[in-house]
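Protein chains in written order, with this note's numbering: chain A, -10 to 213; chain B, -10 to 213.
Inspection log for the structure reproduced underneath, given as structure tokens.
2 protein chains.
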Amino acid sequence: MKVQDLRFAVLATDVVLFSLHDDRLWVRLITTQNTHFQGMQALPGGLIGPTETADEAAKRHIEAKTSIASAKVHFEQLYTFSTIDRDPRGRVVAVAYLGFVPWERLSEVERGSTSDARWSPLKDARGLAYDHDEIVKVALARLRSRVTYTTLLQKLLPKEFTLTELEHAYEAVLGADLDKRNFRKKILKLDILKEVPNKKSGGAFRPAQLYRFATDKVIEIEVI
Amino acid sequence: MKVQDLRFAVLATDVVLFSLHDDRLWVRLITTQNTHFQGMQALPGGLIGPTETADEAAKRHIEAKTSIASAKVHFEQLYTFSTIDRDPRGRVVAVAYLGFVPWERLSEVERGSTSDARWSPLKDARGLAYDHDEIVKVALARLRSRVTYTTLLQKLLPKEFTLTELEHAYEAVLGADLDKRNFRKKILKLDILKEVPNKKSGGAFRPAQLYRFATDKVIEIEVI
DNA sequence: CCAAAAGTGTTTTTCCTACACCCATGT
DNA sequence: ACATGGGTGTAGGAAAAACACTTTTGG
């Protein structure tokens, strides 16, 4: 076997970029240029270059394909998909990533749609090109799992938030209702939140205390 | 950019193959052939071929490099390492796997050492070639984490085992002592074990009840 | 003063923890 | 009969679950 023959595969990355808005999970989708999947929706992604890591490629393609500043996005490696015929153009091995961005950090243009990219409610994100339905399925399972034993949700929330907003975030991701009083007792006892001086007066009702996470790092916690 | 330039990387797989024996974790190591790491120990692994998935390559190399039948091994994808200079020979992206094999299922030759391959206590597995120290570190963290919320340990135990053996397995992996009575109550309440009719009479003491896992599948459980 | 979400406490039940002795067997 | 690991119960404390009313604000 010649060295050239060893380099048979193209390396790519695909990103499942999540945001949380309107008590629902959203995913950023693009319109694929691949003629085999004419006009279909797909996950943003692209090739990994000779001088960059998979992480760097994921960040680069998020910027290029979805017009969202990658500095706002928290990335985690998800899984590597290496099925032989997953791309009809040839052998492409994809290192898939999870991305998380707080809706509140997005600019008007980043929230918007173009003919090339848009936010879609997660539950409508089906019928995607390639094996991207499968990737989204794995992504959601990983997200749900990690949310129960880490502080990953902070990457989907603004810096400051109310306990009700945090509870709704858990409910949206887990697809389950939580008891308000028990949730508050539990989350405060974990000692991962800091009260901030300000309150959020959102309308014709009592203003809510704002909190932030004590650290920017995603850490392991007791199970929610 | 020409198509040939896109195929710059060699794809490889490395396997952290664990076994449990003598109340300790062991890892299968090989002697690397790479001249840059002359005579050093490394994880078993090798190139991914044009007509196989990463999973298939991991299985193939475990057979070829460590003389252990891959049918006995439970594989899980660990992480993909894509640092640019991780292999001095050129760009190699490695899809790393965890492997688990019950010591009791190994044949005499599979348990043994050759000049090419051997079992090493996990805590002695340092100073490995490439970035394999790092891969082992990630592997142990993943193993410890998964053991607490899944039935993964079944892949390191024989089909039938006593509760004491199961407890010792948890203690070896987690590096912590557990209370015998509380452990038994907890694990039995989870309802994942089946009593089998036989007992294990190991010597000059009361024979122990044998159990097996109710299912071969690794499932999620409450935290141990 | 009304609508809307914020915020709070108690009781019951379940689970966790700590801890020590008798049992069945082989030699 | 003794040495060895197998096997069991209980009490006290902590955490989980279930559950409803008062507070604060804007309109």
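Using N, Cα and C, we set each Cβ at its ideal position, and we do this for glycine too.
Sorted by chain position, which residues of the same chain lie with C-beta nearer than 7 angstroms to residue i's C-beta, five sequence neighbours on each side aside?
i: A/GLU160; result: ASP166 and LEU167
i: B/ALA128; result: VAL5, LEU67 and LEU87
i: B/VAL98; result: SER56
i: B/GLU209; result: TYR138 and THR139
i: A/ASP12; result: HIS157 and ALA161
i: B/ARG173; result: LEU152
i: A/SER109; result: TRP15, VAL16 and LEU18
i: B/GLU211; result: LEU179
i: A/ILE226; result: No answer is possible for residue 226 of chain A: it lies beyond the span of chain A, which begins at -10 and ends at 213.
Quick one: what does DSSP say residue i is sitting in, helix, strand or coil?
i: A/LEU67; result: strand
i: B/LEU167; result: coil
i: A/GLN30; result: strand
i: B/SER109; result: strand
i: A/THR153; result: helix
i: B/VAL98; result: helix
i: B/THR2; result: strand
i: A/PHE(-3); result: coil
i: A/ALA118; result: coil
i: A/ALA85; result: strand
i: B/LEU9; result: strand
i: A/LEU177; result: helix
i: A/LEU36; result: strand
i: A/LYS217; result: One cannot answer for residue 217 of chain A here, as it falls past the ends of chain A, which runs -10 to 213.
i: A/ALA158; result: helix
i: A/ALA60; result: helix
i: A/THR24; result: helix
For residue i, which residues in the same chain have their Cβ closer than 8 angstroms to its Cβ, ignoring the five residues on either side in sequence?
i: B/ARG80; result: PHE(-3), ALA(-2), VAL(-1) and ILE73
i: A/THR69; result: VAL82, ALA83, VAL84 and ALA85
i: A/VAL62; result: LEU6, LYS48, ILE51, GLY88, PHE89 and VAL90
Output yes or no for whether 8 angstroms exceeds the beta carbon distance between residue i and residue j.
i: A/LEU145; j: A/SER8; result: yes
i: B/THR55; j: B/ARG115; result: no
i: A/LEU142; j: A/ALA130; result: no
i: B/ILE19; j: B/ALA106; result: yes
i: A/ALA1; j: A/ALA53; result: no
i: A/GLU261; j: A/LYS175; result: Missing from the structure shown is residue 261 of chain A; chain A here goes from -10 to 213 and no further.
i: A/HIS121; j: A/PRO77; result: no
i: A/ALA197; j: A/THR151; result: yes
i: A/ARG100; j: A/PRO147; result: no
i: B/ALA203; j: B/LYS183; result: yes
i: A/PRO33; j: A/ILE51; result: yes
i: B/TRP15; j: B/LEU163; result: no
i: A/ARG31; j: A/ILE37; result: For clarity, residue 31 of chain A is Ala in the given sequence; the question names Arg instead. Their beta carbons are not under 8 angstroms apart, which means A/ALA31 does not touch A/ILE37 by this criterion.
With a CB to CB cut of under 6 angstroms and the five nearest residues on each side skipped, what residues in its chain are close to residue i?
i: A/VAL185; result: GLU149, LEU199 and ARG201
i: B/LYS206; result: none
i: A/ASN187; result: LEU199
i: A/HIS10; result: TRP92
i: A/SER134; result: none
i: A/ALA46; result: THR2 and ILE37
i: A/ARG195; result: none
Can you tell me where the alpha helix (DSSP H) holding residue i begins and where it ends?
i: A/GLU184; result: Where A/GLU184 is concerned, there is no enclosing alpha helix (DSSP H), although the beta strand (DSSP E) it sits in stretches over 182 to 189.
i: A/ILE210; result: Counting along the chain, A/ILE210 falls outside any alpha helix (DSSP H), and DSSP gives it neither H nor E.
i: B/ASP122; result: 121 to 138
i: A/ASP74; result: Unbroken run through A/ASP74: none, as it is neither H nor E.
i: B/HIS50; result: 43 to 55
Following the continuous beta strand (DSSP E) through residue i, name the residue where it begins and the one where it ends.
i: B/ARG201; result: 197 to 202
i: B/ILE19; result: 13 to 20
i: A/GLY192; result: From DSSP, A/GLY192 is part of no beta strand (DSSP E); its letter is neither H nor E.
Would you say the beta carbon of residue i comes nearer than 7 angstroms to a heavy atom of the ligand NAP?
i: B/GLU149; result: Among the ligands in the structure shown, none appear at all, so the ligand NAP cannot be discussed.
Where the region -8 to 26 of chain B meets chain A: residues whose CB sits under 7 angstroms from a CB there = LEU(-5), ARG(-4), PHE(-3), ALA(-2), VAL(-1) and LEU0
Quick one, which residues of the region 66 to 90 of chain A are near chain B if we go by CB-CB under 7 angstroms, in chain order?
-> GLN66, TYR68, THR69, SER71, THR72, ILE73, ARG80, VAL82 and VAL84
Going along the region 103 to 125 of chain B in order, which residues come within less than 9 angstroms of chain A, judged by CB to CB distance?
-> none
Quick one, which residues of the region 43 to 60 of chain B are near chain A if we go by CB-CB under 7 angstroms, in chain order?
-> ALA43
With 8 angstroms as the limit, tell me which residues of the region 135 to 147 of chain A have their beta carbon closer than that to any beta carbon of chain B; keep them in chain order.
-> TYR138
Taking a Cβ distance cut-off of 7 angstroms, strictly less, list which residues of the region 153 to 171 of chain A are near chain B, in chain order.
-> none
According to a CB-to-CB cut-off of less than 9 angstroms, which residues of the region 176 to 209 of chain B neighbour chain A?
-> GLU209
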